[in-house]
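Visitor: Dumping the structure here so I can ask a few things about it.
Residue numbers (my numbering), protein chains in the order written: chain A, 1 to 324; chain B, 1 to 324.
Laid out in structure tokens, this is it:
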């Protein structure tokens, strides 16, 4: 059985072997750049790990893994334009280093390249994989649109927020695992179980991201808490707080959100105070656990020796135990 | 046998039947808009006509036709951003009517939707079609990049220009026909012949576009000639003229191109004068004819009753006989 780290290595080697010294260079150089500046390779590693549950050989699924990583980086490239982000993984974003047109077009080419890599698999496999990949790709676009819509809306419900993160983040994680399982010749039932596992882990992971922004261990990586609060980002914590706050608390919270005169530190302090009063940290932790338990139920439905899913569970636990 | 106009009708009806009243509306409304503002539906109609050469029923290829039209409109949507175009088909472009982010994301979703429509075909067909579609999609991105590169380059050769228009324009026309043929169960040899036919017709068509901009019949649609000349666009005519011009003529031509003080009418007049001196109109016409003859050679290799290709030839002749 391959561990997450071993799968990461296999992915990195395969990515290095893609020939991106192609013409026109202005199209391919930015693609080479974004793929080379790292990232944790979570999605492609999950493809390989999910394949490995059902198959001892994982070579056949490597092209699917590459497809997922290229697609994910395409979405990052275009999201960075939409978010007007200057940096990604400590390096300049593509539209900053080159320009807008380059970022749009190189992204488009990556989207198509992702499909091209899936087509390298055998027909009987890619006939099953392609609908999963295409659906997840549409989900990601829908989730990104919802995320942008939420930014300018006054009110977002918890259910809407969960739908958005499911589409924007969980869907591609879930699809990575299902695609891995299918390329390892899992049957449809087992492949769907692992999809549901991935979906619930993904939601759980995103909620934890929200939680760590407000309550993470600042000393661990030296990253300051409260970035989401300063940016008025509609995280699970804020949405839940707005739902629970009543009377004076609600007034204070909405005043903080609309006030432009507050210093970041002051704003973070005031919001955290309300979060504590409303028990938001515990409520969020309970949500995270409940999605995680659901994920475990899904994976336990798979009819396979528990040893086979061990590496995937180890990795998932690592993800959930991070403190910052 | 279906005529081009009948195929256009079938395409327009099928496009109208796509349900784009989906959520999030901010993602799907721009897609509905760009698909509804018309266009000649050349690519999807060619899918159906090419299918009809090999099959009396064309229903099975309609989803492939839709895929080609959605993909083509995705490229228009993103090209309009890159060209900073305000209008498309007499209506506002998507990034003008909405904004940049909407145009990027709705375009991305259309790219994926195109693949989704191809997946609606039977597996044994889409296994053959998908590699053709994916290759053409990558070609279009490469051609667009070359086109942008040429804008800021001083010198472009005729061979480079032909490669660029082949990738940017002809490739998708050629792929439309090959995809139609394959969905009508043509064999690989015949399907490749029709691809080569489409490729040569496409090059011929683009060169004619260049020619009509300088020498078209202005009275026909009331469109003024010379737009490419005013914009210093590196068309076949200009590239050829720069290649042939010598001594004083070359100096005059390069001076005109770099001069910013000229009135449009004056600039057009001076360039046309040099074009006439260098016989550019006739040289271009000969090139157009030579690609058209090559196209005819390709289609004649197809082992099929000539009646079957009649509607496609009628349409191609109409395309080539336009005067403006």
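Idealized CB from N, CA, C, for every residue including glycine.
Use the C-beta contact count for residue 24 of chain A: other C-beta atoms within 10 angstroms, 16 or more gives buried, fewer gives exposed.
Guide: Position 24 of the first chain, counted from the start, is the residue given in the question as residue 24 of chain A. Burial call: buried.
Visitor: I'd like to know whether the C-beta of residue 154 of chain A is nearer than 8 Å to at least one C-beta of chain B.
Guide: Here residue 154 of chain A refers to the residue found at position 154 when the first chain is read from its first residue. Judged by the 8 Å Cβ criterion, residue 154 of chain A is not in contact with chain B.
Visitor: DSSP three-state call for residue 22 of chain B: helix, strand or coil?
Guide: Along the second chain, read from residue 1 onward, the residue named residue 22 of chain B stands at position 22. Coil at residue 22 of chain B, not helix or strand.
Visitor: Can a CB atom of chain B be found closer than 8 Å to the CB of residue 101 of chain A?
Guide: Counted from its first residue, the first chain places residue 101 of chain A at position 101. Yes, residue 101 of chain A counts as interfacial toward chain B.
Visitor: Where does residue 92 of chain B fall in DSSP's three states?
Guide: The residue you call residue 92 of chain B lines up with position 92 of the second chain. Residue 92 of chain B falls in the strand class under three-state DSSP.
Visitor: Identify the contact partners of residue 142 of chain A in chain B, using a Cβ-Cβ distance below 8 Å as the criterion.
Guide: Along the first chain, read from residue 1 onward, the residue named residue 142 of chain A stands at position 142. Going along chain B in sequence order, the residues near residue 142 of chain A (Cβ under 8 Å) are 23, 24, 27, 109.
Visitor: What residue range does the alpha helix (DSSP H) around residue 156 of chain A cover?
Guide: Stepping through the first chain from its first residue, residue 156 of chain A is reached at position 156. Segment: none, residue 156 of chain A is in no alpha helix (DSSP H) and carries neither H nor E.
Visitor: Of the residues that make up the segment 152-179 of chain B, which ones have a beta carbon closer than 8 Å to any beta carbon in chain A?
Guide: none
Visitor: Report buried or exposed for residue 254 of chain A, applying the criterion of at least 16 other Cβ atoms within 10 angstroms of its Cβ.
Guide: One-based indexing of the first chain puts residue 254 of chain A at position 254. Classification for residue 254 of chain A: exposed.
Visitor: Does the CB of residue 145 of chain B have a neighbour CB from chain A at under 8 Å?
Guide: On the second chain, residue 145 of chain B is found 145 positions in, with the first residue counted as 1. Taking Cβ atoms only, chain A reaches closer than 8 Å to residue 145 of chain B, which makes this a yes.
Visitor: For residue 148 of chain B, count the other beta carbons within 10 Å of its own beta carbon; 16 or more makes it buried, fewer makes it exposed. Which is it?
Guide: Walking along the second chain from the start, residue 148 of chain B turns up at place 148. Flag for residue 148 of chain B reads buried.
Visitor: Between the beta-carbon of residue 302 of chain A and the beta-carbon of residue 193 of chain A, is there less than 8 Å?
Guide: Within the first chain, numbered from 1, the residue matching residue 302 of chain A stands at position 302. Within the first chain, numbered from 1, the residue matching residue 193 of chain A stands at position 193. The answer is yes: Cβ separation under 8 Å.
Visitor: Starting from residue 176 of chain A, trace the alpha helix (DSSP H) both ways and give me its first and last residue.
Guide: Taking the first chain and counting its residues from 1, one reaches residue 176 of chain A at position 176. Where residue 176 of chain A is concerned, the enclosing alpha helix (DSSP H) stretches over 171-183.
Visitor: Closest by CA to residue 284 of chain A, which one among A:203, A:83, A:164, A:114?
Guide: Reading the first chain from its first residue, position 284 is the one you call residue 284 of chain A. Minimum Cα distance to residue 284 of chain A is reached at A:203.
Visitor: Contact check, residue 291 of chain A vs residue 236 of chain A under 8 Å by CB: the rounded distance?
Guide: For the purposes of this step, residue 291 of chain A is taken as residue 291 along the first chain, with counting starting at 1. For the purposes of this step, residue 236 of chain A is taken as residue 236 along the first chain, with counting starting at 1. With a Cβ gap of about 11 Å, residue 291 of chain A and residue 236 of chain A do not count as contacting.
Visitor: Please go through the same chain and pick out, in chain order, the residues whose beta-carbon is closer than 6 Å to the beta-carbon of residue 28 of chain B, but skip the five residues on each side of it.
Guide: Along the second chain, one-based indexing puts residue 28 of chain B at 28. If we look at residue 28 of chain B and ignore the five residues flanking it on each side, its Cβ neighbours are 20, 22.
Visitor: For residue 85 of chain B, which option in B:72, B:315, B:111, B:103 has the closest C-alpha, if you only look at C-alpha atoms?
Guide: Counted from its first residue, the second chain places residue 85 of chain B at position 85. Looking at the Cα atoms, B:103 is the closest of the given residues.
Visitor: For residue 259 of chain B, does the count of other Cβ atoms within 10 angstroms reach 16, so buried, or fall short, so exposed?
Guide: What you label residue 259 of chain B is simply residue 259 of the second chain in a count that begins at 1. Flag for residue 259 of chain B reads exposed.
Visitor: My guess is that residue 167 of chain A and residue 139 of chain A are in contact by the Cβ rule of under 8 Å, so how many angstroms apart are they, rounded?
Guide: Counting from one through the first chain, the residue named residue 167 of chain A turns up at place 167. Counting from one through the first chain, the residue named residue 139 of chain A turns up at place 139. For residue 167 of chain A against residue 139 of chain A, the beta-carbon gap comes to about 4 Å, under 8 Å, which counts as contact.
Visitor: Taking 8 Å as the CB-CB limit, is residue 334 of chain A close to chain B?
Guide: Residue 334 of chain A lies beyond the stretch modelled for chain A, which goes from 1 to 324, so this question has no answer here.
Visitor: What does a CB cutoff of less than 7 Å around residue 8 of chain A pick up in its chain, not counting 5 residues either side in sequence?
Guide: Locating residue 8 of chain A in the first chain gives position 8, where the first residue counts as 1. Contacts found: 41, 45.
Visitor: At what residue ranges does the segment 261-313 of chain A contain a whole run of the beta strand (DSSP E), taking only runs of 3 or more?
Guide: none
Visitor: Do you know whose CA, among B:309, B:315, B:26, B:155, lies nearest residue 56 of chain B's CA?
Guide: On the second chain, residue 56 of chain B is found 56 positions in, with the first residue counted as 1. Nearest option by C-alpha distance: B:309.
Visitor: Does the ligand FAD have even one heavy atom less than 7 Å from the beta-carbon of residue 240 of chain B?
Guide: Of ligands this structure carries none, so the ligand FAD is not represented either.
Visitor: Do you know whose CA, among B:294, B:183, B:234, B:224, lies nearest residue 124 of chain B's CA?
Guide: The residue given as residue 124 of chain B occupies position 124 in the second chain. Ranking B:294, B:183, B:234, B:224 by Cα distance to residue 124 of chain B puts B:183 first.
Visitor: Take every Cβ of the segment 10-18 of chain B, pair it with every Cβ of the segment 311-322 of chain A, and state whether three or more of those distances are shorter than 8 Å.
Guide: In this structure the segment 10-18 of chain B does not lie against the segment 311-322 of chain A, because fewer than three pairs of beta carbons, one per stretch, are closer than 8 Å.
Visitor: Would you say residue 127 of chain A reaches chain B, if we count a Cβ-Cβ gap shorter than 8 Å as a contact?
Guide: Here residue 127 of chain A refers to the residue found at position 127 of the first chain. Judged by the 8 Å Cβ criterion, residue 127 of chain A is in contact with chain B.
Visitor: Would you verify that the beta carbon of residue 131 of chain A is, or is not, closer than 8 Å to some beta carbon of chain B?
Guide: Locating residue 131 of chain A in the first chain gives position 131, where the first residue counts as 1. So yes, residue 131 of chain A belongs to the interface.
Visitor: Under 6 Å Cβ to Cβ from residue 37 of chain B, same chain only, skipping five residues before and after it: list those, please.
Guide: Start at 1 with the first residue of the second chain, and residue 37 of chain B comes out as number 37. The answer, listed in chain order, is 89, 91.
Visitor: For residue 185 of chain A and residue 54 of chain A, which I take to be in contact (beta-carbon distance under 8 Å), what is that distance rounded to the nearest angstrom?
Guide: As a position in the first chain, residue 185 of chain A is number 185, starting the count at 1. As a position in the first chain, residue 54 of chain A is number 54, starting the count at 1. Rounded, the Cβ-Cβ distance is 6 Å, consistent with contact.
Visitor: In angstroms, rounded to a whole number, what distance separates the CA positions of residue 170 of chain A and residue 94 of chain B?
Guide: Stepping through the first chain from its first residue, residue 170 of chain A is reached at position 170. Stepping through the second chain from its first residue, residue 94 of chain B is reached at position 94. If I take the Cα positions, the gap works out to 29 Å.
Visitor: So residue 93 of chain B contacts chain A; which residues on that side make the cut at Cβ distance below 8 Å?
Guide: Counting from one through the second chain, the residue named residue 93 of chain B turns up at place 93. Here the premise fails: no neighbours, minimum Cβ distance about 14 Å.
Visitor: In its own chain, which residues sit with a C-beta less than 6 Å from the C-beta of residue 51 of chain A, not counting the 5 before and 5 after it?
Guide: Mapped onto the first chain, residue 51 of chain A falls at position 51. Excluding residues within five positions, the ones whose Cβ falls inside 6 Å are 58, 61, 180, 183, 184.
Visitor: Identify which residue in B:187, B:287, B:267 has its Cα closest to the Cα of residue 201 of chain B.
Guide: As a working note, residue 201 of chain B is residue 201 in the second chain. Among B:187, B:287, B:267, the Cα nearest to that of residue 201 of chain B belongs to B:287.
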